[in-house]
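Student: Can you keep this structure in mind? I'll have questions shortly.
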Amino acid sequence: MEDIVCNGCSLLCDDVSAEVSGNTVKSLGLCKLGHTHLETVITHKAGSNDKNLEKAADLLADAKSLLLYGWTHASNEAIKVGLDLASTLKGHFASSVEMGSMKAMSHSIHSKGLGIDLDYVRNNGDFIIYWGADPSESLHRHPSRFAVLPRGEKIPEGIESRTIGVVDVRSTETMKMANHRLILHPGSDAELLDIIKSELEGKSSIKGTVLGIPGSELVGFVRGFQKSDCIVIFYGSGMINSGNQDANLTGIENLVEILRSTGKEAYALPMFVQPNTMGVINASIKGKHEAKSLQQLISGEFDTVLVVGDDVLANLPGPAVKALSKIKIVYVGSPGGLTDKRAIVSIHTLDTIIAGSGTMKRVDMKDILFKRWSASNDGNTISDVLLKLKELVSKKKT
Amino acid sequence: MFSYYGDKTVKLNPMELYNLLPKTNCRLCEPKTCMAFATKLTLGDISPDDCPPLLEAGFEKNLEKLREMVAPMLTAEATGIKLNEDKCTGCNNCVVVCPVDVAAEPPTSEGRAAMSKDTVFRVENGISKIINLEKCRRFPPDRLNCRVCEQYCCTDAIEIW
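The structure is reproduced here in structure tokens:
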């Protein structure tokens, strides 16, 4: 067994190990999602791409209006080269991070400095709230590794030293660990946040059932805020998808501000699933890119798209997929998927977990360095391919 | 009162065991009465061979039957834990909350995955495995009614009978 870093989800677990023999994988510590991901990508082959590189470079160099899209499965280094390539080709760098809910969530994190390191949460977080997020289904190790079960400096007894709250529109598996289980009416998140804020400020008195939640439960939940020193709210896409995303996120921001104004530590972190969503967000913030690429794509402004890492045809909304089907697609990433099949040119690369090189940003923005291991070989990484493309395109342009 | 053994459920009823005892209340054993002896048999705290009258002629079949019934209590599955691998997501919750794991491999208390062969639980190939059931605190001689792994298993993959 060798130490590896998993990129099956945004937790980027770096305390796991694996061993590969032929197409068989053995692992320790990897959750089912991570192990399945490793089992899948170990079979991928990234052979010689020289011919396809030339063809791809031709298409990119000839593009009149180029979109460079994807990136959530690419390393930070690959994203950096992608930004350079976009600059060289005067193309438009964009990603699914710009899509409605993700854009809203990422905006909230940075607009008010709500984020915090997950290791700090493990050591200090004594009131943990999952709001519209169910890590038991998507980020399996989030509760055991960082937020709920582990012991920390100020959390000597693990979960016994914490209070756990789950707010959702349905009963979730994560609720099994929770002290407070609030099932509210769909679309009433902002209203509930307002009620909590009013209660914290002593302006309201909760009576009877509120938004489907028994008053006694809601009062207990609010007392949880009052009794705790370090409150961390992990908000997921459920909070966005139930409607009123802007009001909901503003509500979370305001709640954090109110808690901070009373001398408490309070933070809010998103629950993205894709491994390097934060890397893309970070790059997008630094680059000040306009977030309207999907509208531009749908209105037919691009004639060529370079898709990097993501299977966008399987994930984008219908109108965007229709628009993509009418333009030239160059794909760089792991083999398989609709985008790979549909592309005029596909350049297959090693998955980052296999390549064992480069960094990605964990969901709390911490850089995680991938570890090289015996399954790593000198096949192409996304970063390698983009560098070669940049070189070829630069030659063609001069 | 019942216990779970391996891949099948075996219900050990004290009355069922009592009916196979000599029922003499001879006070030659430590529990003193046959009913108390049957209860201890159910818990695995005592062996049928600890009943002197049972070793006498005429009780051979009963002795054999009792030995057969309590035999699973002597095996490693006698903690009453069932782990349904189909439901397990490999979340590591059981690894991190298990007090034995924390003592055997302290980094697990901080949320890290179990890597050694000394823990009760270890997540292998994406699924939690019980690799040292005999170390479980439910196992004799401790027999503590510890249920933390079941309590914090979100998918109900772990059941304690």
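Protein chains in written order, with the numbering used here: chain A, 1 to 398; chain B, 399 to 559. We put the beta carbon where it would ideally sit given N, CA and C, even for glycine. Keep in mind the model is a prediction, meaning the values are calculated, not measured.
1) Put Tyr550/B into one of helix, strand or coil per three-state DSSP.
2) So for Val167/A, helix, strand or coil by DSSP?
3) Output yes or no for whether 8 Å exceeds the beta carbon distance between His180/A and Phe234/A.
4) Going by other Cβ atoms of all chains shown within 10 Å of its Cβ, with 16 needed for buried, is Thr352/A buried or exposed?
5) Is there contact between the segment 156–169 of chain A and the segment 257–272 of chain A, where contact requires at least three CB pairs shorter than 8 Å?
6) Could you please give the first and the last residue of the uninterrupted beta strand (DSSP E) stretch that includes Ala147/A?
7) If you reduce the DSSP assignment to three classes, tell me which class His92/A lands in.
8) Please report whether the beta-carbon of Asn490/B lies at a distance below 8 Å from any beta-carbon of chain A.
9) Mind listing which residues of the segment 172–190 of chain A have their C-beta closer than 9 Å to chain B's C-betas, in chain order?
10) What are the start and end residues of the beta strand (DSSP E) that includes Val521/B?
11) Considering Cα atoms alone, identify which of Leu30/A, Arg162/A, Ser205/A, Gly125/A is closest to Asn490/B.
12) Sort Val305/A, Ile327/A, Leu139/A, Gly379/A by Cα distance to Ala86/A and report the nearest one.
13) Contact defined as beta carbons within less than 8 Å: I believe Leu11/A pairs with Val5/A. What is the distance between those atoms, to the nearest angstrom?
14) Let's see if you can read the secondary structure: which residues bound the beta strand (DSSP E) around Pro270/A?
15) Please go through the same chain and pick out, in chain order, the residues whose beta-carbon is closer than 8 Å to the beta-carbon of Arg162/A, but skip the five residues on each side of it.
16) For a quick check, are the C-beta atoms of Gly442/B and Arg122/A less than 8 Å apart?
17) Taking only three categories from DSSP, how would you classify Cys430/B?
18) Nearest to Tyr416/B by CA position, among Cys424/B, Ser445/B, Thr437/B, is which residue?
19) Against chain B, with Cβ distances strictly below 8 Å, would Phe146/A count as a contact?
20) In chain order, which alpha helix (DSSP H) runs of at least 4 residues are fully inside the segment 351–395 of chain A?
21) Locate the beta strand (DSSP E) running through Ser161/A, then write down its first and last residues.
22) Could you check the C-alpha separation between Ser198/A and Asn254/A for me, to the nearest Å?
23) Answer yes or no: does any C-beta atom of chain A fall closer than 8 Å to that of Thr437/B?
24) Return the chain-ordered list of same chain residues with a C-beta closer than 7 Å to the C-beta of Ala133/A, the five sequence neighbours on each side being excluded.
25) Can you tell me whether Leu59/A is helix, strand or coil according to DSSP?
26) When Cβ atoms are compared, which residues of the segment 22–36 of chain A fall closer than 9 Å to chain B?
27) Report the residues of the segment 119–141 of chain A with a CB closer than 7 Å to any CB of chain B, ordered along the chain.
28) Measuring only between beta-carbons, confirm whether Gly509/B sits less than 8 Å from chain A.
29) Taking the straight line between their C-alpha atoms, what separation do you get for Asn482/B and Ala555/B?
30) Measure the beta-carbon distance from Thr72/A to Ser394/A and round it to whole angstroms, keeping in mind my assumption that it falls under 8 Å.
31) Which residue from Thr517/B, Gly524/B, Leu542/B puts its Cα closest to that of Asn530/B?
32) Should Lys406/B be labelled buried (16 or more other beta-carbon atoms within 10 Å of its own) or exposed?
33) Note down the Cα distance separating Leu192/A from Leu114/A, rounded to an integer number of angstroms.
34) Please tell me whether Thr262/A and Ser75/A are closer than 8 Å, where the distance is taken between their beta carbons.
35) Comparing alpha-carbon positions, which option in Asp62/A, Asp189/A, Pro186/A, Asp367/A lies nearest Val280/A?
36) Identify the contact partners of Gly548/B in chain A, using a Cβ-Cβ distance below 8 Å as the criterion.
Tutor: Considering the structure as presented:
1) As a position in the second sequence, residue 550/B is number 152, starting the count at 1. If DSSP states are grouped into helix, strand and coil, Tyr550/B belongs with coil.
2) For the purposes of this step, residue 167/A is identified with residue 167 of the first sequence, where counting begins at 1. Correct three-state label for Val167/A: strand.
3) Working through the first sequence from its first residue, we reach residue 180/A at position 180. Working through the first sequence from its first residue, we reach residue 234/A at position 234. No. Outside cutoff.
4) As a first step, residue 352/A must be located in the first sequence, where it is residue number 352. By the 10 Å Cβ count, Thr352/A comes out buried.
5) no
6) Taking the first residue of the first sequence as position 1, residue 147/A is located at position 147. Where Ala147/A is concerned, there is no enclosing beta strand (DSSP E), given that its DSSP letter is neither H nor E.
7) Residue numbering aside, residue 92/A sits at position 92 when the first sequence is read from its first letter. It is a strand residue.
8) Here residue 490/B refers to the residue found at position 92 when the second sequence is read from its first residue. Yes, its Cβ sits closer than 8 Å to a Cβ of chain A.
9) Thr172, Glu173, Thr174, Met175, Lys176, Met177
10) Here residue 521/B refers to the residue found at position 123 when the second sequence is read from its first residue. Where Val521/B is concerned, the enclosing beta strand (DSSP E) stretches over 519–522.
11) Reading the second sequence from its first residue, position 92 is the one you call residue 490/B. The shortest C-alpha separation from Asn490/B is found at Leu30/A.
12) The residue given as residue 86/A occupies position 86 in the first sequence. The shortest Cα separation from Ala86/A among Val305/A, Ile327/A, Leu139/A, Gly379/A belongs to Val305/A.
13) Against the first sequence, residue 11/A aligns to sequence position 11. Against the first sequence, residue 5/A aligns to sequence position 5. 10 Å between Cβ atoms; not a contact.
14) What you label residue 270/A is simply residue 270 of the first sequence in a count that begins at 1. Segment 265–270, the beta strand (DSSP E) holding Pro270/A.
15) Numbered from its first residue, the first sequence carries residue 162/A at position 162. Correct list, in chain order: Gly125, Asp126, Phe127, Ile128, Val148, Ile155.
16) To locate residue 442/B, count along the second sequence from 1; it is residue 44. To locate residue 122/A, count along the first sequence from 1; it is residue 122. It is not a contact, given that the beta carbons lie outside the stated cut-off.
17) If you number the second sequence from 1, residue 430/B lands on position 32. Correcting the residue type first, residue 430/B is Lys in the shown sequence and not Cys. Reduced to three states, the DSSP call for Lys430/B is coil.
18) By one-based count along the second sequence, residue 416/B stands at place 18. Closest by alpha carbon: Thr437/B.
19) Translated into positions along the first sequence, residue 146/A becomes position 146. Chain B contact via Cβ: present.
20) 352–355
21) Reading the first sequence from its first residue, position 161 is the one you call residue 161/A. Unbroken run through Ser161/A: none, as it is neither H nor E.
22) Numbered from its first residue, the first sequence carries residue 198/A at position 198. Numbered from its first residue, the first sequence carries residue 254/A at position 254. Cα to Cα, Ser198/A sits roughly 11 Å from Asn254/A.
23) Mapped onto the second sequence, residue 437/B falls at position 39. It does not: the Cβ of Thr437/B has no partner Cβ on chain A nearer than 8 Å.
24) Taking the first residue of the first sequence as position 1, residue 133/A is located at position 133. Phe234, Tyr235, Gly236, Gly238, Met271.
25) The count along the first sequence starts at 1 and reaches residue 59/A at position 59. The answer is helix: DSSP assigns Leu59/A an H, G or I state.
26) Val25, Lys26, Ser27, Leu28, Gly29, Leu30, Cys31, Lys32, Leu33, Gly34, His35, Thr36
27) Arg122, Ser136, His140, Arg141
28) In the second sequence, the residue the question calls residue 509/B occupies position 111. Gly509/B counts as touching chain A.
29) Here the question's residue 482/B lines up with position 84 in the second sequence. Here the question's residue 555/B lines up with position 157 in the second sequence. When rounded, the distance between both Cα atoms is 5 Å.
30) Walking along the first sequence from the start, residue 72/A turns up at place 72. Walking along the first sequence from the start, residue 394/A turns up at place 394. Not quite, the Cβ-Cβ distance comes to about 26 Å (not below 8 Å), so this is no contact.
31) Translated into positions along the second sequence, residue 530/B becomes position 132. Residue Thr517/B is the option with its Cα nearest to Asn530/B.
32) Counting from one through the second sequence, the residue named residue 406/B turns up at place 8. Confidence at Lys406/B is low in this model, with a pLDDT of 41, below 50, so the placement of that residue should be treated as unreliable; the coordinate-derived value is given next. Per the 10 Å Cβ criterion, exposed.
33) As a position in the first sequence, residue 192/A is number 192, starting the count at 1. As a position in the first sequence, residue 114/A is number 114, starting the count at 1. About 20 Å.
34) As a first step, residue 262/A is located in the first sequence; it is residue number 262 there, counting from the start. As a first step, residue 75/A is located in the first sequence; it is residue number 75 there, counting from the start. No; because the gap between Cβ atoms is not below 8 Å, this pair is not in contact.
35) For the purposes of this step, residue 280/A is taken as the residue at position 280 of the first sequence. Minimum Cα distance to Val280/A is reached at Asp367/A.
36) As a working mapping, residue 548/B is identified with position 150 in the second sequence. Residue identity check: residue 548/B is Glu in the sequence provided, not Gly. Per Cβ cutoff of 8 Å: no residues; Glu548/B is ~10 Å from chain A at best.
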